[in-house]
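Protein chains: 2
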Amino acid sequence: MGDLLLRDVRPLGGASVDVLVRDGVIAAMGSGLPRVAGVLEEPGAGALLLPGLVESHTHLDKTLWGLPWYVNAVVGPRLADRIDNERRFRAGSGHDAAAQSLALARAFLAQGTTRLRTHVDIDTDAGLRHLEGVLRTRETLGDAMELQMVAFPQSGLIVRPGTAALLEEALRLGADVLGGLDPQAIDGERDASLDLLFAIAGRHGKPLDIHLHETGEEGAATLAGILDRVQSWGMQRRVVISHCFCLGDVDEAGRGRLLERMARLEVAIVTTGTASRPVPPLLACRAAGVRVAAGNDGIRDTWTPYGRPDMLERAMLLGLRNNLRRDDELALALETVTSAGAEVCGFADHGLAPGCRADLVLVQARNIQEAVVAHPERRLVVSRGRIVARQGSLISSATIAGSTTGA
Amino acid sequence: MGDLLLRDVRPLGGASVDVLVRDGVIAAMGSGLPRVAGVLEEPGAGALLLPGLVESHTHLDKTLWGLPWYVNAVVGPRLADRIDNERRFRAGSGHDAAAQSLALARAFLAQGTTRLRTHVDIDTDAGLRHLEGVLRTRETLGDAMELQMVAFPQSGLIVRPGTAALLEEALRLGADVLGGLDPQAIDGERDASLDLLFAIAGRHGKPLDIHLHETGEEGAATLAGILDRVQSWGMQRRVVISHCFCLGDVDEAGRGRLLERMARLEVAIVTTGTASRPVPPLLACRAAGVRVAAGNDGIRDTWTPYGRPDMLERAMLLGLRNNLRRDDELALALETVTSAGAEVCGFADHGLAPGCRADLVLVQARNIQEAVVAHPERRLVVSRGRIVARQGSLISSATIAGSTTGA
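Quick mapping for you: the protein sequence lines, in order, are chains A and B.
The first sequence begins at 14 in the numbering used here and counts up one residue at a time.
The second sequence begins at 14 in the numbering used here and counts up one residue at a time.
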C-alpha cells in the first residue's frame with residue numbers, strides 16, 4: 014500500500030485540492046498541502062477526481078476477453094438455450110477460468126474499477142473449477158483490487174442435485190456471498206428452492222445475491238417470497254436482487270408495494286439497465302428509498318458479444334435506459350457505480366474523504382455529469398495509494414503482481 | 014480529391030488487400046498492387062477497413078459541443094417542454110449555429126463519418142438563421158464531408174403561421190430535404206398538416222424526412238396517413254420516417270400491415286435505438302423488407318446531455334436496444350450506419366469497391382462484429398481519397414478548410 018501526494022485535482026468537480034495518501038488511505042485533502050519527505054508527488058492538472066469505481070455484478074469466469082472472436086450463432090431465445098450453449102462450449106473448449114478472469118479483472122482495473130463483485134459458476138459439470146480459477150485471480154491481484162466472489166448456481170439448484178453441496182464447499186473455500194437463480198423459472202419450485210438457499214446462507218453466515226430474471230407476476234411472487242424470508246431469517250441489509258426485471262413490468266401499485274417492503278428490509282437492487290427489456294426504474298427505486306447499484310453482467314462471452322469493463326460507460330447506459338437527462342439525475346447514475354455500489358456490496362471505506370481507502374480515478378471532464386455521458390479515458394488510476402494505470406493502461410504487470418506481497 | 018495507395022487492410026474483415034485511390038475514387042483493390050509514381054502509400058498494418066460511416070439523423074445546429082457545460086434542469090416530461098426550453102435558451106444565449114455545427118461536424122469526421130444528414134431548425138423566432146449557419150459549415154467542409162440539410166419545422170408547421178413560407182425559402186436557399194413533425198401531436202390537424210407538407214415537397218421536387226414521435230394508435234394513424242400520401246403523390250423511395258416510435262408499441266398485426274405497406278412504397282426508417290422507449294424493432298423491419306438507418310439525434314444540447322459523434326457506438330446502442338447478439342445480427346447493426354444509411358439518405362457511390370467514393374475508415378478490430386461492440390479508436394479516416402484524421406483526431410484544420418477549394 015502506497016504513499017502519494019496528488020496535486021490539483023477536483024473531487025467530484027469541486028474546487029481544486031491536493032490529496033495526501035499515507036499507507037493506502039486518504040490522510041488529508043486541502044489546498045496547498047505541504048510537501049512530505051519521501052512521498053511521491055503526482056500532478057493532477059486540474060482533472061476531475063472520482064473515487065474508485067465499483068462493479069457490482071459481473072461474471073469474470075465466463076469471459077472470452079482477449080481470446081479469438083467467438084462466433085455467436087446461438088439458436089433459440091430462451092435463457093435455458095444460452096445456459097445449455099455455454100455448458101456445451103465449455104465441455105469442448107477447455108475454458109480456463111483463472112486466466113480469463115485475470116485478464117478481464119486487469120482490464121477493469123485499468124479503467125478505474127478497484128472493487129468488483131463477480132458471480133462464479135458452480136455446477137455439477139464444472140464443479141469448483143471456476144471458483145478455484147477466480148480464487149487464483151484474487152490472490153494474484155492482491156491489494157490492487159478488492160474482489161468479491163458469489164457462489165452462483167448458474168444451471169439451477171434443486172433441479173440439479175449435487176449443486177447445494179458444491180455451493181457449501183465454495184463458501185468454505187472462500188466465496189464471500191451465496192448466489193441464487195430464478196427459483197420458479199429455473200428450479201420450478203419457488204418455495205423449496207428459496208428455503209434451501211436461505212438455509213445454506215444462514216448455516217454459513219453469508220449474504221445473498223439472487224439473480225431474478227423472472228418477469229411480471231411470476232417474478233413479483235418470487236420477489237415477495239424472498240422478502241418474506243429476509244424478514245423471517247433476519248437477513249435485513251444482507252440480500253441483493255440482481256436484475257429484478259419484474260419491477261420493470263408489474264403494475265405501478267404492485268411495484269410500489271414491493272419497493273416499500275424492499276426499502277424497509279434494506280434489500281438492494283443491482284441492475285445493468287438492459288436496453289432490450291423492462292428493468293427496475295431507477296428514479297422510482299431511489300424515491301422509495303431502495304439502494305441501486307450497477308453492473309455490466311457478462312462481458313464478451315458465449316451469452317453476449319457486448320461489454321467493456323468501463324463502469325462510467327455502464328453509468329451512461331443506465332442513464333440512457335432510465336432517460337436521465339437532468340444534472341441531478343446524472344449524479345444518481347454515477348452513484349450506482351461508486352458509493353451505492355460500495356454500500357450494496359459492502360465494500361468498506363469507499364469515498365473521497367480522509368480515512369477512506371485511497372482508490373482514486375482521474376478523468377478529463379468538467380464535472381461528474383460529463384464523466385458519465387462522455388466516459389473519457391482514465392488519465393490515472395490509484396488503488397490503495399499506488400498508481401496502477403495511466404491513460405487507460407496498466408503501468409506494468411509487475412506492479413500488479415508485486416502488490417500480492419505488498420504491505 | 015486525393016490519390017492514395019493504402020496497403021494491407023481487411024475490407025469488412027476479409028482477406029488483406031491493397032486499395033488504390035485515384036481522384037477521390039477507389040480505382041482498384043487487390044493483393045500486391047504495384048506502386049504508382051507520385052501516389053502516397055499508407056500502411057494499413059492489417060487493420061479492419063470499413064466504408065465511410067453515415068449519420069442519418071442528427072441536429073448539428075442545436076449542439077452545445079465544446080461550449081461550457083449546459084446545466085440541464087428542465088422541468089416537465091413532455092416534448093413541448095423541451096421545445097419551449099430550447100427556444101427560451103436560444104433567445105437568451107445568442108446561440109451561433111454556424112460555429113456549433115462546424116465544431117460537431119468536424120468531430121463526426123474525426124470519428125469516420127463522411128456523410129451526414131442534419132435537421133436544421135426553421136421557426137418564426139429564429140427564421141433562417143440556423144440554416145444560414147449550417148450552409149456556412151457545408152461550404153467550409155467542402156469535399157471533406159457530404160452534408161445533407163433537412164429544413165425542419167421544430168416548433169410546428171400549421172400551429173405556427175409563417176413557418177411554411179420559411180420552409181419554402183429554406184428549400185430555395187439549398188436545403189436538400191423537407192422535414193416534418195408530428196402532424197397530430199404538435200400541429201393538431203393530421204390531414205391538413207400532411208397535405209401542406211406533401212404539397213410543399215411536391216412543389217419543390219424535394220424528398221421528405223418526417224419526425225414521428227407519436228405513439229401507439231395515434232402514431233399508427235399518422236403513419237397510415239403518410240403512406241396514403243406517398244402513394245397519391247408518387248413519392249415512393251423519397252420519404253423517410255424518423256423515430257417512428259409507434260412501430261414499437263402497436264400490436265403485432267397492425268405493425269405487420271404497416272411494415273408491409275412501407276416496404277411496398279419503399280418508405281424507410283431512421284432510428285436512434287432509444288433505450289428508454291418503444292422503438293421500431295430492427296429485425297422485424299428488415300424481415301419485412303423495410304430499410305433502416307441509424308442516427309444519433311441531438312448531441313449535447315438543451316434536450317440531452319448525451320451523445321458522441323461516433324456511428325460505431327450508435328450501432329452498438331442499436332444492437333443493445335434490439336438484443337442483437339448473433340454475428341449475423343451484428344452485421345445488420347453495422348449496415349444501419351454504412352450501406353443502409355447511404356441508401357436511405359441517397360448518398361451515392363458508397364461502399365468498398367472500385368468506382369465507389371474513397372471514404373475509408375481503419376479500426377483495430379478482428380471483424381465487423383468487434384468494430385460494433387468495441388467501437389475502437391479510428392486509426393485512419395480517408396475522405397474522398399484524402400487522409401483527414403489519425404487516431405481519432407483531425408490531422409489539421411488547414412487540411413479540412415483547404416478542401417473547400419480542392420479539386
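Ideal Cβ placement from N, Cα and C applies to all residues, glycine included.
Please read these numbers as outputs of a predicted model, since none were measured by experiment.
For residue i and residue j, what's the separation of their Cα atoms in angstroms?
{"i": "A:V88", "j": "A:G320", "result": "21 Å"}
{"i": "B:P81", "j": "A:A120", "result": "32 Å"}
{"i": "A:Q113", "j": "A:L144", "result": "12 Å"}
{"i": "B:S416", "j": "B:G15", "result": "Reliability of the predicted coordinates at B:S416 is poor, the pLDDT of 41 falling under 50, and the value obtained from them is presented with this limitation in mind. Distance between the alpha carbons of B:S416 and B:G15: 10 Å."}
{"i": "A:A237", "j": "A:L271", "result": "7 Å"}
{"i": "A:T349", "j": "A:A307", "result": "5 Å"}
{"i": "B:G105", "j": "B:P318", "result": "19 Å"}
{"i": "A:H363", "j": "A:G65", "result": "8 Å"}
{"i": "B:R173", "j": "B:E152", "result": "30 Å"}
{"i": "B:A361", "j": "B:G354", "result": "11 Å"}
{"i": "A:L260", "j": "A:R290", "result": "11 Å"}
{"i": "B:G57", "j": "B:S406", "result": "17 Å"}
{"i": "B:L46", "j": "B:A366", "result": "15 Å"}
{"i": "B:T418", "j": "B:D36", "result": "Low confidence applies here, because B:T418 scores a pLDDT of 33, under 50, leaving its location unreliable; read the following figure in that light. Taking the straight line from one Cα to the other gives about 14 Å."}
{"i": "A:T315", "j": "A:H388", "result": "26 Å"}
{"i": "B:D74", "j": "B:A139", "result": "12 Å"}
{"i": "A:M324", "j": "B:R242", "result": "48 Å"}
{"i": "A:V147", "j": "A:L160", "result": "9 Å"}
{"i": "A:V67", "j": "A:T127", "result": "7 Å"}
{"i": "B:G218", "j": "B:S352", "result": "25 Å"}
Considering only the beta carbon of each residue, do residue i and residue j sit closer than 8 Å?
{"i": "B:R334", "j": "B:A288", "result": "yes"}
{"i": "A:S44", "j": "A:C358", "result": "no"}
{"i": "B:L375", "j": "B:V22", "result": "yes"}
{"i": "A:T176", "j": "A:G187", "result": "no"}
{"i": "A:R250", "j": "A:L221", "result": "no"}
{"i": "B:A40", "j": "B:V34", "result": "yes"}
{"i": "B:A212", "j": "B:L184", "result": "no"}
{"i": "B:L180", "j": "B:I135", "result": "yes"}
{"i": "A:G332", "j": "A:V385", "result": "yes"}
{"i": "B:L129", "j": "B:M158", "result": "yes"}
In this structure, how does DSSP classify residue i when only helix, strand and coil are distinguished?
{"i": "A:S289", "result": "coil"}
{"i": "A:F121", "result": "helix"}
{"i": "A:H224", "result": "strand"}
{"i": "B:T153", "result": "helix"}
{"i": "A:A353", "result": "helix"}
{"i": "B:T126", "result": "strand"}
{"i": "B:D310", "result": "strand"}
{"i": "B:I408", "result": "coil"}
{"i": "B:H70", "result": "strand"}
{"i": "B:M275", "result": "helix"}
{"i": "A:Q161", "result": "strand"}
{"i": "A:E145", "result": "helix"}
{"i": "B:H217", "result": "helix"}
{"i": "B:I400", "result": "strand"}
{"i": "A:T418", "result": "With a pLDDT of 33 at A:T418, under the threshold of 50, the predicted position of this residue should be treated as unreliable, and no value is reported."}
{"i": "A:V253", "result": "strand"}
{"i": "A:E55", "result": "strand"}
{"i": "B:R422", "result": "This structure cannot speak to residue 422 of chain B, because chain B is shown only from 14 to 420."}
{"i": "B:A281", "result": "strand"}
{"i": "B:G359", "result": "coil"}
{"i": "A:L170", "result": "coil"}
List, in chain order, every chain B residue whose beta-carbon is nearer than 8 Å to that of residue i.
{"i": "A:S289", "result": "L333, R334, N335 and N336"}
{"i": "A:V52", "result": "Under the 8 Å cutoff, chain B gives no residues; its nearest Cβ is about 34 Å from A:V52."}
Pull up the DSSP beta-bridge partners for residue i, would you.
{"i": "B:G192", "result": "B:D222"}
{"i": "B:G236", "result": "Just to set this straight, residue 236 of chain B is Leu in the shown sequence, not Gly. BP columns for B:L236 are empty, so no partner."}
{"i": "A:R370", "result": "A:V38"}
{"i": "B:G43", "result": "B:D31"}
List, in chain order, every chain A residue whose beta-carbon is nearer than 9 Å to that of residue i.
{"i": "B:T317", "result": "R338 and V386"}
{"i": "B:W78", "result": "Chain A residues near B:W78: none, gap ~11 Å exceeds 9 Å."}
{"i": "B:R379", "result": "P81 and W82"}
Report the neighbours of residue i on chain A: residues whose CB is nearer than 7 Å to its CB, in chain order.
{"i": "B:E383", "result": "W82"}
{"i": "B:L272", "result": "In chain order: nothing, as chain A lies at least about 19 Å away."}
Mind pulling the chain B residues with CB within less than 9 Å of residue i?
{"i": "A:L122", "result": "By Cβ distance, chain B contributes nothing, its closest Cβ being about 18 Å from A:L122, past 9 Å."}
{"i": "A:A86", "result": "R339, D340 and D341"}
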